[in-house]
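Q: One structure, pasted below without further comment.
Protein chains: 2
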Amino acid sequence: MAEQFYDFVSIQLDKNSKASLYTQLYDCLRELILSGKLGHGYLLPPVRKLASFLGINPGTVVSAYKLLEQNGYTYSRAGSGNYVAQIAGNAQDGPEPALIDIDLEIFENKSSAGDRPNCIDFASVMPTPDLLPIDDFKNVLIEVLDRDKGFAFGYQESQGFYPLREAISLYLKEQGVKAQADNVQIISGAQQGIDIIAKALLNFGDYVFTENPTYPGAIASFRSRGAKIIGIPMENDGIDIQELENKIRSFRPRLIYIMANIQNPTGYSYSLAKRNRLIGLARRYDAIILEDDYISELDFTDTPMAPLKALDRDQRVIYLKSFSKIFMPGLRLAFLLMPPHLVAKVLAVKHHSDISTSGLTQRAFDLYLRKGIWRKHIAAIHSIYWERYQTALNAIEQFLPSTVICHRPRGGLTFWLSLPEGLSAIKIVQEAEKRDVFLLPGTAFFPRRPPDRFLRLSFAVAGSEKIMQGLKVLGEVITENLQAMKK
Amino acid sequence: MAEQFYDFVSIQLDKNSKASLYTQLYDCLRELILSGKLGHGYLLPPVRKLASFLGINPGTVVSAYKLLEQNGYTYSRAGSGNYVAQIAGNAQDGPEPALIDIDLEIFENKSSAGDRPNCIDFASVMPTPDLLPIDDFKNVLIEVLDRDKGFAFGYQESQGFYPLREAISLYLKEQGVKAQADNVQIISGAQQGIDIIAKALLNFGDYVFTENPTYPGAIASFRSRGAKIIGIPMENDGIDIQELENKIRSFRPRLIYIMANIQNPTGYSYSLAKRNRLIGLARRYDAIILEDDYISELDFTDTPMAPLKALDRDQRVIYLKSFSKIFMPGLRLAFLLMPPHLVAKVLAVKHHSDISTSGLTQRAFDLYLRKGIWRKHIAAIHSIYWERYQTALNAIEQFLPSTVICHRPRGGLTFWLSLPEGLSAIKIVQEAEKRDVFLLPGTAFFPRRPPDRFLRLSFAVAGSEKIMQGLKVLGEVITENLQAMKK
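For the record, the sequence lines run as chains A and B.
Each residue of the first sequence is one higher than the one before, starting from 530 at the first, in the numbering used here.
Each residue of the second sequence is one higher than the one before, starting from 530 at the first, in the numbering used here.
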């Protein structure tokens, strides 16, 4: 054995295994990297040499190397080879925590923006307190307390207050989704929904597919279960379905986490063709889809699309919807609509996660839905945000260089901006912050080795005037950076 | 190799390992049982023969066999040997779910009791709605909504509303526990606290020690993390500390979950000597103690004991306290007081579990604590429950045969009854239920192979008259069963 292969002697590939050779090789190399046996900066052997040492096709090594790089375990230098990247954690000590920190930082950023009165906040997607329906909600709270007395604070069944589950299934039918109260599980916000599904479905080492970029809080929950996460690129008509098909065969993910309408952070929505293919692939390869309906209420087109769940004919899709995420963030209330065969399992996990969601909140929100106040509230903020959306879009055209690419989303609270080649989004964010304009670099939304060229710009907090001011500053910062690059 | 040892050829013991030989052997045999290689009813080899086959001391085999039996993997028949027990799940498919079902059934039982107006409910520990402080809480809710407006529904920091964390640290100082707001984490009920600590501290395969019997919801959370659970017997002055010391050396548990004051379900409290030894052992073997303060407000003696946490000089104890479990179950509010080095980790887990606990609930409860209404409420129910405690104790003496043993707990809402040899607690519960008296068999509180001779009798729901009636019925059922046994 040549000495240069000493580090690879532990690799054993099984040609009779269900898993393809390249994913086996990928897993072996990944383990060697995570265990620290191949340290930061280690130069992997040339493709042909490793292939010959292992007695496999060079194409197999190429595929494994490519996957390592995509998932951030290695990086390549043109003409010089593949090197092991710096790895934050060690798989044996539980999955890498780096992403949780990024996620918390988002919120810290937000607070620090909030503390500076002259700043312009394009980072937060939380509504400002003046947009929250405080009086209406106070009235339903009082009505519930007078009606239910001690029962409002008593034991609450884990699946949720039955009348609320009924009201939700009526609400869903209006969205084109067939639903029964029996298949609805009430939860304490969308994040808990993701976490509960992770606990109910994932075992250590299972694969999960997500969109890339995606919501970092979901990645944190999947990692906490010891899942292996594979990001599939987003395109402006939905996930890269060809790439999904290529990967699903080899990895057989248990779960696919997606946002079909107005994705966070890109704002992209799936075409009907991609919706159907996604469901077909999930059926063929026996995967469950978790659809996070982040913000479809804020579709500004004349033809809003139904959730993916509306197309789900053979119970492949879990539908997750929050009532609080955007509209009353402190309320912590959401629900899961589940395939019937998962109801009992998810209920058991909810029970050992926190027994039940606050009964008082559930009872008050039930009334809020049934009285139609929710619909009224959504209509009110819809028109406020529609105005800001247009203002922001105009300001982007007016103030940003034409080389900054902005896709026009169907709705939502954010724009996803792609910077010209050579600019660093992190640097732009830092420089804008010095001029009191806060926004997020896209890096926060990529689980691994994020590209440094995207910005997420939210208009949830800033009014029209501040949107114009802030985009003017951002335009100046980008232009200055472009000029500095030319020198 | 003799053919009878064919099944054991995979066992490999490492004399140089840190783990003792008997725990290694225990782990190997356990794996063989869980993988199904040794099926239900399989007769294990005689001690001396297996010892000789493996080249180890017979005492090592005896210890491993004993542990297998204690943890429910085998049962012994006098003079005939050790047999593999029926195992509910398979470790590979995630830890056995049986216990979660038992736990849910507890609540179902409770509801079915509630639906029958003539029944007597000794099962539930939930207060009846008339005991809940509904008007006081409504007033603080309205005060908070008027004071904080939209902020009451806005974004809530994950560690919890700072003024509430401050109010809690003041409250703790009165209980003899030094606390700072920075080390307090607000959570959505005690169950979530246990679940978050499990997620923050436990990796797949870690050992957890619990009292035996214990709270089943805790076991469910530990199992969900893939932890191996070892129950240490409870004695009426606290955990069997000698057994704990014997086991801690070999298993090096990451976590020890205990209730030092008025344990659930036994009602036993730890002596001061055992408290100190427990903390000393945790220090020596680098374990973290999770102290669940279930119900110490309801100590009916003149000399209530401080939490274990009050003795924690080198940050070994996480203190968990619910404000809602017993007094306002639907509220979902509790806190963790943590060693400073765990604060960031627990905060990250809280964040990916459900972002934060309802801000409105936190703000209202903050006011409730600061205005002293909590103290007033506890004083009121203290006297109601003290009366029921005495009534129940008298009725037990009057109506139950003297062979039923009842330890007198310092307080709480339940009595733990031990039936005479030969009676089945499950049968007694079933027969009492036919006569409209509901109580819980102790079996629900043992993680494995529960002894069928304990009853947990709660006086949280029944008033004095019903307590007398119900215990009269229970006494009749037990006496009839004793007589039937003699025949």
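Backbone N, C-alpha and C define an ideal beta-carbon position, used for all residues, glycine too.
Does any C-beta atom of chain B lie closer than 8 Å to the C-beta of A:A954?
A: The residue given as residue 954 of chain A occupies position 425 in the first sequence. No - not a single Cβ of chain B is within 8 Å of the one on A:A954.
Q: Does the CB of B:S641 have a neighbour CB from chain A at under 8 Å?
A: Taking the first residue of the second sequence as position 1, residue 641 of chain B is located at position 112. The pLDDT assigned to B:S641 is 48, lower than 50, so where the model puts this residue is not dependable; a value taken from the coordinates is nonetheless given after this. Chain A, which has no Cβ nearer than 8 Å to the Cβ of B:S641, makes this no.
Q: Considering only their Cβ atoms, is the gap separating A:I649 from A:Q927 smaller than 8 Å?
A: Numbered from 1 along the first sequence, position 398 holds the residue referred to as residue 927 of chain A. Numbered from 1 along the first sequence, position 120 holds the residue referred to as residue 649 of chain A. No, Cβ-Cβ distance for A:Q927 and A:I649 is not below 8 Å.
Q: Do A:L849 and A:E820 have their CB atoms nearer than 8 Å?
A: Here residue 849 of chain A refers to the residue found at position 320 of the first sequence. Here residue 820 of chain A refers to the residue found at position 291 of the first sequence. Yes, the Cβ-Cβ distance between A:L849 and A:E820 is below 8 Å.
Q: By the criterion of Cβ-Cβ separation under 7 Å, what are the contact partners of A:S717 in chain B?
A: As a position in the first sequence, residue 717 of chain A is number 188, starting the count at 1. Near A:S717 (Cβ distances below 7 Å), the residues of chain B are S717 and D883.
Q: Chain A beta carbons: is any one of them nearer than 8 Å to that of B:G565?
A: Reading the second sequence from its first residue, position 36 is the one you call residue 565 of chain B. B:G565 does not count as touching chain A.
Q: Let's test the definition: count the other Cβ atoms within 10 Å of the Cβ of B:E950 and tell me whether it reaches 16, buried, or not, exposed.
A: In the second sequence, residue 950 of chain B corresponds to position 421, counting from 1. Exposed.
Q: Taking only three categories from DSSP, how would you classify A:F534?
A: For the purposes of this step, residue 534 of chain A is identified with residue 5 of the first sequence, where counting begins at 1. Three-state result, A:F534: helix.
Q: Cutting at 8 Å between CB atoms, please list the residues of its own chain near B:K544, excluding the five before and the five after it.
A: Your numbering for residue 544 of chain B matches position 15 in the second sequence. Excluding residues within five positions, the ones whose Cβ falls inside 8 Å are L550.
Q: Among the candidates B:G683, B:F733 and B:T943, whose CA atom is the shortest distance from the CA of B:A756?
A: If you number the second sequence from 1, residue 756 of chain B lands on position 227. Per the Cα distances, B:F733.
Q: Per DSSP, which residues does B:I761 bridge with? Please list them.
A: For the purposes of this step, residue 761 of chain B is taken as residue 232 along the second sequence, with counting starting at 1. Bridge partners of B:I761: B:E740.
Q: Could you check what DSSP says for B:K819 in three-state terms: helix, strand or coil?
A: In the second sequence, residue 819 of chain B corresponds to position 290, counting from 1. Note on identity: in this sequence residue 819 of chain B is Leu, with Lys being the wrong assignment. In this structure, B:L819 counts as strand in the three-state DSSP scheme.
Q: Ends of the alpha helix (DSSP H) at B:F751?
A: Locating residue 751 of chain B in the second sequence gives position 222, counting from the first residue. For B:F751, the enclosing alpha helix (DSSP H) starts and ends at P745 to S753.
Q: Straight-line CA distance for A:R694 to B:A681?
A: Along the first sequence, read from residue 1 onward, the residue named residue 694 of chain A stands at position 165. Along the second sequence, read from residue 1 onward, the residue named residue 681 of chain B stands at position 152. Those two C-alpha atoms are separated by around 25 Å.
Q: Taking C-beta pairs closer than 7 Å, name the residues in chain B that A:K728 reaches, listed in chain order.
A: Against the first sequence, residue 728 of chain A aligns to sequence position 199. What A:K728 touches in chain B: S753.
Q: I need the boundaries of the beta strand (DSSP E) containing B:T603, first residue and last residue.
A: What you label residue 603 of chain B is simply residue 74 of the second sequence in a count that begins at 1. Unbroken beta strand (DSSP E) run through B:T603: T603 to R606.
Q: Report yes or no: is there a C-beta of chain A within less than 8 Å of the C-beta of B:M867?
A: Start at 1 with the first residue of the second sequence, and residue 867 of chain B comes out as number 338. So no, B:M867 is outside the interface.
Q: Quick check on DSSP: helix, strand or coil for A:K702?
A: As a working note, residue 702 of chain A is residue 173 in the first sequence. It is helical.
Q: Along the alpha helix (DSSP H) that carries B:K850, what are the first and last residues, could you check?
A: Taking the first residue of the second sequence as position 1, residue 850 of chain B is located at position 321. Not the alpha helix (DSSP H): B:K850 falls in the beta strand (DSSP E), residues V846 to S851.
Q: With distances taken from CA atoms, which of B:I562, B:A719 and B:L579 is nearest B:Y602?
A: Locating residue 602 of chain B in the second sequence gives position 73, where the first residue counts as 1. For B:Y602, the nearest C-alpha among the options comes from B:I562.
Q: Drop a sphere of 10 angstroms on the beta-carbon of A:A652, count the other beta-carbons inside from all chains shown, and report buried for 16 or more, exposed for fewer.
A: Numbered from 1 along the first sequence, position 123 holds the residue referred to as residue 652 of chain A. Buried is the call here.
Q: Inspect the CB distances between the stretch 904-911 of chain B and the stretch 748-768 of chain B and report whether three or more fall short of 8 Å.
A: no
Q: Report the neighbours of B:K905 on chain A: residues whose CB is nearer than 8 Å to its CB, in chain order.
A: Stepping through the second sequence from its first residue, residue 905 of chain B is reached at position 376. Against B:K905, chain A offers no close residue; the least beta-carbon distance is about 16 Å (beta-carbon pairs closer than 8 Å).
Q: In whole angstroms, what is the alpha-carbon distance linking A:R812 and A:R845?
A: Along the first sequence, read from residue 1 onward, the residue named residue 812 of chain A stands at position 283. Along the first sequence, read from residue 1 onward, the residue named residue 845 of chain A stands at position 316. C-alpha of A:R812 to C-alpha of A:R845: approximately 7 Å in a straight line.
Q: Relative to the C-alpha of B:F534, which residue among B:C557, B:F582, B:K566 and B:Y571 is closest?
A: The count along the second sequence starts at 1 and reaches residue 534 of chain B at position 5. Measuring from the Cα of B:F534, the nearest candidate turns out to be B:F582.
Q: Starting from the N-terminal side, write out each stretch of the beta strand (DSSP E) that is 3 residues or longer and does not extend beyond the stretch 764-799 of chain B.
A: 784-787
Q: For a contact defined as C-beta to C-beta under 7 Å, what are the partners of B:K678 on chain A?
A: Translated into the one-based positions of the second sequence, residue 678 of chain B becomes position 149. Simply P658 and I663.
Q: Could you tell me which residues DSSP pairs with B:F733 in its beta bridges?
A: Counted from its first residue, the second sequence places residue 733 of chain B at position 204. DSSP output for B:F733 lists no bridge partner at all.
Q: Taking 8 Å as the CB-CB cut-off, is A:Q704 touching chain B?
A: As a first step, residue 704 of chain A must be located in the first sequence, where it is residue number 175. So no, A:Q704 is outside the interface.
Q: Using a Cβ cut-off of 8 Å (strictly closer), state whether A:T943 contacts chain B.
A: Position 414 of the first sequence, counted from the first residue, corresponds to residue 943 of chain A. No, its Cβ sits nowhere closer than 8 Å to a Cβ of chain B.
Q: Tell me whether the stretch 719-729 of chain B and the stretch 769-777 of chain B touch, counting them as touching only if at least three CB pairs, one residue from each stretch, are closer than 8 Å.
A: No: the two stretches stay apart, fewer than three of their Cβ pairs being nearer than 8 Å.
Q: Would B:Q688 pass as an interface residue toward chain A - the criterion being a Cβ-Cβ separation below 8 Å?
A: In the second sequence, counting from the first residue as 1, residue 688 of chain B sits at position 159. No, no contact with chain A.
Q: Taking CB distances under 8 Å as the criterion, tell me whether B:P742 reaches chain A.
A: Translated into the one-based positions of the second sequence, residue 742 of chain B becomes position 213. It does not; no Cβ of chain A falls within 8 Å.
Q: What span of residues does the alpha helix (DSSP H) with B:V613 cover, start to end?
A: Sequence index remark: in the second sequence, residue 613 of chain B carries index 84 (1-based). Note, B:V613: premise wrong, no alpha helix (DSSP H); beta strand (DSSP E) at G610 to V613.
Q: Identify whether B:F983 lies in helix, strand or coil by the three-state DSSP scheme.
A: Numbered from its first residue, the second sequence carries residue 983 of chain B at position 454. In the three-state DSSP reduction, B:F983 falls in the strand class (E or B).
Q: Take the Cβ of B:M867 as the centre, count every other Cβ of all protein chains shown within 10 Å, and call the residue buried at 16 or more, exposed below.
A: By one-based count along the second sequence, residue 867 of chain B stands at place 338. B:M867 is buried by the Cβ-count criterion.
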